[in-house]
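Residue numbers for the sequence shown follow the working numbering, so the first one is 1 and each next one is one higher. Worksheet: the structure to be examined is printed underneath.
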Amino acid sequence: MNEQRVELFLNDRKFSFMIPYSDYVPFKKAEKKILGLIEQIDHTNEQLDDAIVYSALQLAIENEKLKTKTEEDSNESSQDIADLINKIEIFLNQ
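What follows is the structure in structure tokens.
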């Protein structure tokens, strides 16, 4: 599989992961977001694990909200298309 190793540094800790090449750009964007979230939290080195989990939860919540909104938008678009098709059929049958 086409994977590459990426590293994430938080304070003096290094985290290393293997990710698909296609996920590199999203990883870098997520990395910036995670670092930003952790910086917003006033934490000691002992609380770093809590800060990491909190940041992951915030990203998961945001992702779930976007997923739900996308699904709702898709359902709304499908209904709009169905309504439009119905109107066209009525027009053509007159």
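Using N, Cα and C, we set each Cβ at its ideal position, and we do this for glycine too.
Might you give, ordered along the chain, the residues of its own chain that have their beta carbon closer than 6 Å to the beta carbon of glycine 36, omitting 5 neighbours on each side?
If you number the sequence shown from 1, residue 36 lands on position 36. For glycine 36, where only same-chain residues beyond five positions count, there are no Cβ hits under 6 Å.
For alanine 51, is the classification buried or exposed, using 16 other Cβ atoms within 10 angstroms of its Cβ as the cut-off for buried?
The residue you call residue 51 lines up with position 51 of the sequence shown. It is buried - the Cβ of alanine 51 has at least 16 other Cβ atoms within 10 Å.
Tell me the rounded alpha-carbon separation between isoleucine 81 and proline 26.
Numbered from its first residue, the sequence shown carries residue 81 at position 81. Numbered from its first residue, the sequence shown carries residue 26 at position 26. When only Cα atoms are considered, isoleucine 81 and proline 26 end up about 32 Å apart.
Expressed to the nearest angstrom, what Euclidean distance is found between the alpha-carbon atoms of asparagine 86 and asparagine 93?
Position 86 of the sequence shown, counted from the first residue, corresponds to residue 86. Position 93 of the sequence shown, counted from the first residue, corresponds to residue 93. Roughly 11 Å separates the two Cα atoms.
Expected contact under 8 Å - CB spacing of glutamate 3 and tyrosine 24 to nearest Å:
Counting from one through the sequence shown, the residue named residue 3 turns up at place 3. Counting from one through the sequence shown, the residue named residue 24 turns up at place 24. About 10 Å separates the two Cβ atoms, so there is no contact after all.
Scan the segment 23-55 and note each continuous beta strand (DSSP E) run of 3 residues or more that stays entirely inside, going in chain order.
none
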